[in-house]
Amino acid sequence: MAYIKIDTDKMQTVIDNLEDRAEAINHERNGINQTSGYYHDPVPSVVDATAAGPRSGPLAQSTYTLRDLAEELRSRRQEAIDINESGITMTNPDGTLSYYLPDPPPGTTDEAAYWRSMDTAANVHAYNTGSAETAKAEATELREALANGTSSQGRTPEEILDQIDKHRDIPIYGAAFVGEFSAEEYLQLVYTLDGHYQVDYEGDDGGERFTKSLETLAHVLAAASQDQVGGAELASDFTKAVDPAVIQPQLANPMTALNALLSVPGTAYGTEFLTTLADNLEDIDPTSVPFAGAPPFVNGEFYTADPLAGVLTAMGSNSEASLNYLTSDGTNDAEIKKRWEMLRKRDWDYHGGTGLDGLSAATAAASAYRGADGDPNAPADAAGRATWMTAQAIPFFVNDVEEADFTSTMKQNLAVLLGNSPEELAGLARGTSLEINQRYGLSGLVTDAEFETLLYRVTDDENAASTLAAAMGQYHRNQIDTAMAAADASDAEATLTSEYTFAAKTIGYLDGIAELRAGDDSAAQANAKSNMGTALSVFSTVLGTGVSAVTGGTGMAVAGPLLYSTGSTVAKPIVVDQLTRDWNTPDTIEIADMKRVLTAQAYVDAANYGLLNDTTIEAAATGNNGAPFSFYTEVGGQPTITAPDPMTPDAAQEYMIWYGDVHDSTMNSLDTKIDTASSNSGYEEGKAAKVIK
Numbered sequence: 001m002a003y004i005k006i007d008t009d010k011m012q013t014v015i016d017n018l019e020d021r022a023e024a025i026n027h028e029r030n031g032i033n034q035t036s037g038y039y040h041d042p043v044p045s046v047v048d049a050t051a052a053g054p055r056s057g058p059l060a061q062s063t064y065t066l067r068d069l070a071e072e073l074r075s076r077r078q079e080a081i082d083i084n085e086s087g088i089t090m091t092n093p094d095g096t097l098s099y100y101l102p103d104p105p106p107g108t109t110d111e112a113a114y115w116r117s118m119d120t121a122a123n124v125h126a127y128n129t130g131s132a133e134t135a136k137a138e139a140t141e142l143r144e145a146l147a148n149g150t151s152s153q154g155r156t157p158e159e160i161l162d163q164i165d166k167h168r169d170i171p172i173y174g175a176a177f178v179g180e181f182s183a184e185e186y187l188q189l190v191y192t193l194d195g196h197y198q199v200d201y202e203g204d205d206g207g208e209r210f211t212k213s214l215e216t217l218a219h220v221l222a223a224a225s226q227d228q229v230g231g232a233e234l235a236s237d238f239t240k241a242v243d244p245a246v247i248q249p250q251l252a253n254p255m256t257a258l259n260a261l262l263s264v265p266g267t268a269y270g271t272e273f274l275t276t277l278a279d280n281l282e283d284i285d286p287t288s289v290p291f292a293g294a295p296p297f298v299n300g301e302f303y304t305a306d307p308l309a310g311v312l313t314a315m316g317s318n319s320e321a322s323l324n325y326l327t328s329d330g331t332n333d334a335e336i337k338k339r340w341e342m343l344r345k346r347d348w349d350y351h352g353g354t355g356l357d358g359l360s361a362a363t364a365a366a367s368a369y370r371g372a373d374g375d376p377n378a379p380a381d382a383a384g385r386a387t388w389m390t391a392q393a394i395p396f397f398v399n400d401v402e403e404a405d406f407t408s409t410m411k412q413n414l415a416v417l418l419g420n421s422p423e424e425l426a427g428l429a430r431g432t433s434l435e436i437n438q439r440y441g442l443s444g445l446v447t448d449a450e451f452e453t454l455l456y457r458v459t460d461d462e463n464a465a466s467t468l469a470a471a472m473g474q475y476h477r478n479q480i481d482t483a484m485a486a487a488d489a490s491d492a493e494a495t496l497t498s499e500y501t502f503a504a505k506t507i508g509y510l511d512g513i514a515e516l517r518a519g520d521d522s523a524a525q526a527n528a529k530s531n532m533g534t535a536l537s538v539f540s541t542v543l544g545t546g547v548s549a550v551t552g553g554t555g556m557a558v559a560g561p562l563l564y565s566t567g568s569t570v571a572k573p574i575v576v577d578q579l580t581r582d583w584n585t586p587d588t589i590e591i592a593d594m595k596r597v598l599t600a601q602a603y604v605d606a607a608n609y610g611l612l613n614d615t616t617i618e619a620a621a622t623g624n625n626g627a628p629f630s631f632y633t634e635v636g637g638q639p640t641i642t643a644p645d646p647m648t649p650d651a652a653q654e655y656m657i658w659y660g661d662v663h664d665s666t667m668n669s670l671d672t673k674i675d676t677a678s679s680n681s682g683y684e685e686g687k688a689a690k691v692i693k
């Protein structure tokens, strides 16, 4: 989202200058026109140029143009003043003001052109004072409809909520809408709507309508929570609304309602709102908060009353808030040390343990900053802080949380955390140690057993396994690109072979740990093989074309504008069902399948780097019984070897037929080295992982 910063005093000076210049031109036009008339208009073109009619001459046109521009600026200036005087403060630290305009839609390539088209007086009004006016009117109408069944405009609550939903992500609208309620009243809306749908609807329809209404209310609150519209102050209001010391007996449990709002997927709450709220809520003893009791909502969803569960879950979509809450910026070391002691000793089980889902989400989001080295847009020392945080989180989830308490949500979030330590994971796959080698960020901070134990605990979840595979596929893609860019022609083949050997060790290592996790249970073994079949497809696809192949081009499944991602770190877990719907991944996977997939992908890279013989490429064009293989095409008249999406063992078989038809030394080397790496060192390292039981 964009906040256009203006200095109202300096803008007024520009407006005055434009008006003065317009008046001067008009005075000059009038003088020339009168002189021409005095001499009976001897030059017709002068008459046209100085005519005083509505924009009939260029001098008059210049006057109108300058005055229109002055009016545009005057309108923007007044919008900024009015929106700040309305109670929605967007005053910057230097005393300047701001107004809001929406971000470009996804896929916009020329953002400068977009901003030029959007920054008009009409849009500034629509997204600022106009938006605030609409929000206040719709808040009033919703109150009426919930009290009387319909509003004074004749609309039902759901009809009004449908209208509200159209503005739900506009900060000005959100701040104005939420501002029409006290924090207690806003939380009570959750229960009021729940009751409304239970009375007026039956079955699943009521549950679906409530879920949609909750989503709308959550997005509106998230919009209102942005830093630029007073998120920190809003956090203080909501803290008071859920504090057991001030909860009114007649109200439903507000903590549960707040957690419900904070846990809605796809919401992006403001940084200061989340850090202030978490700082306040951590002081509330979870045992002092009433249990939520039976599921309070018609869709049967249970929202915990744990004070930290919701706010930590929301931090899972705001990497900066997570980093600020869980790490020191250099001025608050003692505070952060105390906080981690609190997190380790806290009674997470009192409200069902769901708070740990939230903590795992927050640590996952913060860990994305491990890839922030040299990024000027990241907070100060973000990479180092994220590494320190990761070194706190891994031992905590290994030593302070029972394996039996790991939920699917935790496993998927912690796969993100581990995926953001790709050097460490790849190093362990190659047989090195975090305890001996000081080359890794986590060296000396996390033991091999702690790292491998957490891997062991999460790898039986399909989404977690595929998230790890995507992260490691991107890591090795980056390693290949970097190494090949620096390689000379004489060592290009050896470089590519070496990098693919490392990649094979990594996927073999993950497979070995998955098999170790499955143990002797046949059902667990079948599940592990199925999960690894999907993970291998994800790994090879990302290894071939980058992470956009499995995240729709958004870079590691970014789900909001406040998630940090460089394209080389993970921001959110990958949801396999959405990703692999049409992939036809294998139900089971063996070492030979892994070797075949990676070798085929390596052949594609070797061809694209120009390492294969001309006769090898020619064989691809004619070797399929005189016809081209499916992976052969021509781009701009040049022979090109492509990879399918995804590269499955069945798809890879065609490349093996091609390999068998030729005698190419590069292909021979890749085949031999990848076979050894995946079936021996990588897999065996995984099977021999040190696991804390």
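If you use the UniProt record's numbering, the sequence shown corresponds to residues 1 to 693, in order. Where a beta carbon is used, it is the ideal one built from N, C-alpha and C, also for glycine.
Terminal residues of the continuous alpha helix (DSSP H) containing methionine 514?
Methionine is not the amino acid found at residue 514; the sequence shown has alanine there. Bounds of the alpha helix (DSSP H) holding alanine 514 are 492-518.
For the alpha helix (DSSP H) containing glutamate 634, name the first residue and the last one.
Where glutamate 634 is concerned, there is no enclosing alpha helix (DSSP H), although the beta strand (DSSP E) it sits in stretches over 632-635.
At least 3 beta-carbon pairs within less than 8 Å: the stretch 487-499 vs the stretch 665-672:
By the Cβ criterion, the stretch 487-499 is in contact with the stretch 665-672, since at least three pairs of Cβ atoms, one from each stretch, lie closer than 8 Å.
Could you name each continuous alpha helix (DSSP H) segment of 4 residues or more that falls completely within the stretch 20-71, going from the start of the chain to the end?
44-49
So, helix, strand or coil for leucine 101, using DSSP?
strand
Considering Cα atoms alone, identify which of Arg76, Ala365, Gly57 is closest to alanine 126.
Arg76
If we count the other Cβ atoms within 10 Å of its Cβ and call it buried at 16 or more, is methionine 342 buried or exposed?
By the C-beta density criterion, methionine 342 is exposed, having fewer than 16 other C-beta atoms within 10 angstroms.
Is the separation between the beta-carbon of isoleucine 284 and that of proline 254 shorter than 8 Å?
no
Under the three-state reduction of DSSP, which class applies to glutamine 638: helix, strand or coil?
strand
Skipping 5 residues on each side, what residues in its chain have a beta carbon closer than 7 Å to that of isoleucine 160?
If the five residues before and after isoleucine 160 are omitted, its C-beta is found closer than 7 Å to the C-beta atoms of Glu138, Glu141, Leu142, Ala145, Ser151, all from its own chain and listed in chain order.
Whole-angstrom distance between threonine 275 and isoleucine 83, CA atom to CA atom
26 Å
Just checking, does the stretch 348-365 make contact with the stretch 411-423 on the three C-beta pairs under 8 Å criterion?
Segments in contact, yes.
Going by beta carbon distance, what residues of the same chain come within less than 6 Å of alanine 602, once the five residues before and after it are set aside?
Correct list, in chain order: Tyr500, Leu670.
Rounded straight-line distance, which links the Cα of arginine 370 to that of threonine 387:
6 Å
Contact check, leucine 59 vs alanine 22 under 8 Å by CB: the rounded distance?
Their Cβ separation, rounded to whole angstroms, is 11 Å, which puts leucine 59 and alanine 22 out of contact at 8 Å.
Does DSSP put lysine 5 in a helix, in a strand, or in coil?
strand
Is the beta carbon of leucine 69 closer than 8 Å to that of isoleucine 6?
no
When DSSP builds the beta bridges, which residues end up paired with alanine 627?
Asn624
Within 10 angstroms of the Cβ of glycine 544, are there 16 or more other Cβ atoms? Answer buried if so, exposed if not.
buried
What beta strand (DSSP E) runs, 3 residues minimum, are completely inside the stretch 138-169?
none
For threonine 35, count neighbouring Cβ atoms within 10 angstroms of its own Cβ and tell me buried if that reaches 16, exposed if not.
exposed
Cα separation between aspartate 204 and glycine 154?
At aspartate 204, the pLDDT of 49 sits below 50, so the modelled position is not reliable; the number obtained from the coordinates is stated separately. If I take the Cα positions, the gap works out to 26 Å.
Taking just the CA atoms, how far does threonine 192 sit from phenylalanine 406?
34 Å
According to DSSP, is residue 694 part of a helix, a strand, or is it coil?
Missing from the structure shown is residue 694; the chain here goes from 1 to 693 and no further.
Beta-carbon separation (whole angstroms), glycine 355 vs leucine 312, contact threshold 8 Å
7 Å
Hey, alanine 80 and tyrosine 99 are a contact pair by Cβ (cut 8 Å); roughly how many whole angstroms apart?
5 Å
Is alanine 268 closer than 8 Å to valine 289 when the C-beta atoms are compared?
no
Looking at alanine 241: is its Cβ nearer than 8 Å to the Cβ of glutamate 320?
Against a cut-off of 8 Å, the Cβ pair of glutamate 320 and alanine 241 comes out as no contact.
Candidates Asn17, Ala52, Ala378, Leu261: closest to asparagine 30 by CA position:
Ala52
List the whole-angstrom C-beta distance separating arginine 477 from valine 416, where the pair is believed to meet the contact cut-off of C-beta under 8 Å.
18 Å between Cβ atoms; not a contact.
When the Cα of glycine 330 is compared with those of Ala688, Asp381, His167, which residue comes out closest?
Asp381
Of all the options Glu72, Asp488, Asn33, Met472, which has the alpha carbon lying nearest to the alpha carbon of aspartate 16?
Relative to aspartate 16, the option among Glu72, Asp488, Asn33, Met472 whose CA is nearest is Glu72.
Meets three-Cβ-pair contact criterion under 8 Å: the stretch 173-184 and the stretch 215-232
yes
Distance CB(alanine 504)-CB(isoleucine 617) smaller than 8 Å:
Between alanine 504 and isoleucine 617, the C-beta gap is not smaller than 8 Å, which leaves the two residues out of contact.
Beta-carbon proximity list for arginine 517, same chain, < 7 Å, skipping 5 on both sides:
Tyr456, Thr459, Asp460, Ala528
Quick check: what's the CA-CA separation for tyrosine 186 versus alanine 112?
38 Å
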